[in-house]
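Q: With this note's numbering applied, the sequence shown corresponds to residues -3 to 65, in that order.
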Amino acid sequence: MIESEVLTVTGMKCGGCETNVKTKLDAIEGVVSVEASFKANEVKVEFDTEKTSLDDIIDTITGAGFTVI
C-alpha cells in the first residue's frame, strides 16, 4: 500500500541539503517519491508500506544529520 507522509525536518540549510535528503531517501527500496524543502523545513515522501516503513525513512534522515520533529 502506498502511504504519503509530510515530515518536519530541521537542519536543512540549503539546496544541497535538500538534494542530500532526496538522494538518501530515493535509495530506499519502496520509496516512490520525495520532495524536500529547506525553506519549509519539510520532506514529503510517498512509500510502499510493504517494502519499507516510516521508521526506516526517519532513520535515514537522522542518519544524514538532520532532525525529524
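Ideal Cβ positions, reconstructed from N, Cα and C, are used throughout, including at glycine.
Please read these numbers as outputs of a predicted model, since none were measured by experiment.
How long is the line joining the alpha carbons of T66 and A23, rounded to whole angstroms?
A: The requested residue 66 does not occur in the structure, where the chain is confined to residues -3 to 65.
Q: Can you tell me which residues form a DSSP beta bridge with I43?
A: For the record, residue 43 in the displayed sequence is Phe; it is not Ile. DSSP lists E(-1), V27 as partners of F43.
Q: From L3 to E46, what does the alpha carbon distance come to, in whole angstroms?
A: L3 and E46 have their C-alpha atoms some 20 angstroms from each other.
Q: For T48, count neighbouring C-beta atoms within 10 Å of its own C-beta (all shown protein chains included) and say buried if the count is 16 or more, exposed if not.
A: buried
Q: If you follow the alpha helix (DSSP H) that G59 is part of, which residue opens it and which one closes it?
A: From DSSP, the alpha helix (DSSP H) with G59 extends over 50 to 59.
Q: Grab me the residues of T58's own chain with a C-beta within less than 7 angstroms of its C-beta, minus the 5 sequence neighbours each way, in chain order.
A: V64
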